[in-house]
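Trainee:
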Amino acid sequence: MENYTPDYFNDEYLEPQKKKNFHIQFLPVIALFFLFLTVFTICLGVSVHKLINPKAPAELSDSQTKELDEILSKNYFEPIVKPLPYKTIPANLIVNADSAILIDQDTGNVLYEKNADMEIPPASMTKLVEMYVVYEAVRNGEVSIDDVVPLPPQSWAKNLPSDASIMFLGEGQKVTLRELLLGLAIASGNDASIAVAYYICKDMDSFVERMNKVMKDLGLMRTHFVESSGYSEKNITTAREFASFCRIYLRDFPEAIDDYHSQKVLMYPLEKNLPLDQREKGDSEAVIQYNTNKLLGILDGCDGLKTGFIYESGYNLALTAQRGRRRFLSITMKGPGIGSVQGNKYRILDGTELMEFAFGKFASYIPEGEGHSFVVGCSGSSEKSIRLVPAEDEKFSVPFIAGTSPEDAAAKIHVTANIPNYLYGRIECGQELGTITYSLEGKNLRVIPLVADRKSQRQNIFGRLWGKITYRAAGLF
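Under my numbering, the first residue of the sequence shown is numbered 15, with each subsequent residue one higher.
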């Protein structure tokens with residue numbers, strides 16, 4: 015009898031069974047693989063979404079803000095007054111003064127200049143620097159604006175040269191620091207200047223040293239003073255540097271305009287200012303003096319600042335005017351004229367020419383709020399996102415080349431940013447990573463670099479690997 019082998023022992027029967035068992039054994043592995051792939055895909059999708067649609071980073075800490083400011087100051091230094099960021103045809107203005115400059119107070123842009131770096135004595139415009147020092151002293155708590163100021167003999171009007179401007183200070187008078195500043199601003203009193211200097215610093219040399227320190231701290235190295243009133247021809251400055259100072263003065267102490275420089279009349283001494291014996295005699299008739307800036311009340315919007323004259327300087331004028339939200343500032347030096355009547359005539363002509371040009375041709379572009387910034391996601395980096403911020407002040411003067419007015423032109427400025435979709439790896443604070451462009455009617459007026467507002471360190475090798483995968487995957491969308 016032949017041996018019989020059932021079919022399920024045959025190779026033909028066992029082979030499919032082996033394959034079936036094999037598939038069954040690897041089903042968990044396959045399931046795990048697909049589970050891993052699903053989780054990986056979901057995680058990657060979430061990471062890509064967060065990279066493409068990042069949340070805003072935390073606000074900068076004080077130390078981070080300081081670091082950014084230091085980097086921007088070093089790498090993108092901007093002078094107090096600066097050229098326009100676009101090319102223009104020089105204005106054909108009739109300016110009689112030998113030296114002049116016109117700037118936009120908001121932006122610092124120079125709109126016109128003529129021999130603006132010529133060294134000329136500032137004359138009584140010097141008193142603006144004296145007033146700045148006083149404002150600083152009040153702010154620092156060194157003195158109070160309503161302090162009664164003792165008058166040293168050097169400040170008595172009778173002891174000053176006969177050609178000096180005075181507010182008629184005298185022995186025994188009772189006068190406040192506020193009244194002395196009015197005497198400086200309106201009557202250009204040299205007696206007031208001396209009294210203020212001695213009160214703040216006890217002597218003239220110490221006060222002048224403080225004035226010169228203000229200039230040095232502002233980087234104005236061609237301006238130097240030897241006394242506070244401007245009487246000496248050895249005081250020296252340039253139109254450009256004095257415009258720089260005036261811009262800072264109005265920025266730091268804008269209240270000076272209403273408090274002092276826009277005031278038209280000074281009446282001094284009043285009865286309250288006189289010593290008792292003079293009051294008892296009835297000798298209390300005040301001297302009325304009018305502001306030496308004759309453009310007050312003549313030029314629309316004019317509200318300051320200060321005149322100056324000595325023979326070596328000619329007729330100087332620091333002038334400012336505001337119409338609506340726009341304010342411009344001009345300095346004219348070594349103006350012509352034989353006598354004050356003629357000198358004031360040319361001051362008025364030059365000041366009007368410059369200001370009407372400014373108000374007719376320019377307006378300031380000022381971004382809303384704190385300005386533009388752009389959030390960009392980061393991958394393989396310690397920060398999930400950073401901000402890109404303009405490396406320079408965004409404000410600039412816009413030419414009247416479109417719209418119905420200069421203000422309308424400024425309102426039509428179009429802003430576009432060229433920035434990366436996302437970033438990878440280490441990022442340095444202040445690193446240039448894009449640009450922002452300001453255009454008007456299709457003409458690019460200005461381009462500013464965009465920089466990282468903070469540093470971001472590279473992650474460890476695993477973080478960088480995942481970050482690289484996320485970064486590459488994001489590029490597919």
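Even for Gly, the Cβ is constructed at its ideal location relative to N, Cα and C.
Answer with buried or exposed for LEU284, where buried requires no fewer than 16 other C-beta atoms within 10 angstroms of its C-beta.
Mentor: Counting Cβ neighbours within 10 Å, LEU284 comes out exposed, since fewer than 16 surround it.
Trainee: Check whether the stretch 374-381 and the stretch 417-434 touch, using three or more Cβ-Cβ pairs below 8 Å as the test.
Mentor: These segments touch.
Trainee: Taking VAL109 as the reference, which of SER77, MET369, LYS101 has the closest Cα?
Mentor: For the residues SER77, MET369, LYS101, the minimum Cα distance to VAL109 belongs to MET369.
Trainee: Considering only residues of the stretch 274-299, which uninterrupted alpha helix (DSSP H) runs meet the minimum length of 4 residues and lie entirely inside it, listed in chain order?
Mentor: Fully enclosed alpha helix (DSSP H) runs of 4 or longer: 290-295.
Trainee: Look at the Cβ atom of GLN119, then the Cβ atom of LEU264, and state whether they are nearer than 8 Å.
Mentor: Their beta carbons are under 8 Å apart, which means GLN119 touches LEU264 by this criterion.
Trainee: Which stretch, first to last residue, makes up the beta strand (DSSP E) that contains ARG337?
Mentor: 328-337 is the span of the beta strand (DSSP E), which, as asked, contains ARG337.
Trainee: Quick check: the Cα distance between CYS260 and ARG361, rounded to an integer number of angstroms?
Mentor: Each residue's alpha carbon lies about 18 Å from the other.
Trainee: Identify the continuous beta strand (DSSP E) that holds LYS457 and give its terminal residues.
Mentor: Taken as a continuous stretch (DSSP letters only), the beta strand (DSSP E) holding LYS457 covers 457-466.
Trainee: Between the Cα of ASN458 and those of PHE373, VAL429, ALA253, LEU309, spot the shortest distance and give me the residue it belongs to.
Mentor: For ASN458, the nearest C-alpha among the options comes from VAL429.
Trainee: Smallest Cα separation from SER87: which of GLU406, LEU333, ARG440, GLY417?
Mentor: Of GLU406, LEU333, ARG440, GLY417, the residue nearest in Cα terms is GLU406.
Trainee: Assuming SER113 and ALA130 form a contact by the criterion Cβ under 8 Å, report the distance between their Cβ atoms to the nearest whole angstrom.
Mentor: Contact holds; Cβ gap of about 6 Å.
Trainee: Please report how far the alpha carbon of THR449 lies from the alpha carbon of GLU408, in whole angstroms.
Mentor: The straight-line gap from Cα to Cα measures roughly 12 Å.
Trainee: Check whether the stretch 385-396 and the stretch 466-475 are in contact - that is, three or more C-beta pairs closer than 8 Å.
Mentor: Taking 8 Å as the limit for Cβ pairs, the verdict is that the stretch 466-475 does touch the stretch 385-396.
Trainee: Would you list the one or two residues that DSSP bridges to GLU127?
Mentor: Beta-bridge pairing links GLU127 to ILE115.
Trainee: Under 8 Å between the Cβ atoms of VAL148 and VAL210?
Mentor: It is a contact, given that the beta carbons lie within the stated cut-off.
Trainee: GLY315 to GLY338, Cα distance in whole Å?
Mentor: So the two alpha carbons sit approximately 9 Å from each other.
Trainee: Measuring straight from C-alpha to C-alpha, what distance separates LYS188 and ALA151?
Mentor: Straight-line Cα distance between these residues: approximately 21 Å.
Trainee: Considering only residues of the stretch 361-388, which uninterrupted beta strand (DSSP E) runs meet the minimum length of 3 residues and lie entirely inside it, listed in chain order?
Mentor: Runs found: 376-379.
Trainee: Starting from ASP231 and walking both ways along the beta strand (DSSP E), at which residues does that stretch end?
Mentor: Looking at the DSSP string, ASP231 is not in any beta strand (DSSP E); the run it does join, the alpha helix (DSSP H), is 218-231.
Trainee: Tell me the rounded alpha-carbon separation between LEU309 and HIS275.
Mentor: If I take the Cα positions, the gap works out to 12 Å.
Trainee: Hey, would you say GLU326 sits closer than 8 Å to GLU247, going by beta carbons?
Mentor: Against a cut-off of 8 Å, the Cβ pair of GLU247 and GLU326 comes out as a contact.
Trainee: Would you kindly check if the distance between the Cβ of THR321 and the Cβ of SER138 is under 8 Å?
Mentor: Result yes, Cβ atoms of SER138 and THR321 sit closer than 8 Å.
Trainee: Any idea what DSSP makes of ASN432, helix, strand or coil?
Mentor: Of the three classes helix, strand and coil, the one that applies to ASN432 here is strand, per DSSP.
Trainee: Note down the Cα distance separating SER207 from LYS69, rounded to an integer number of angstroms.
Mentor: The straight-line gap from Cα to Cα measures roughly 57 Å.
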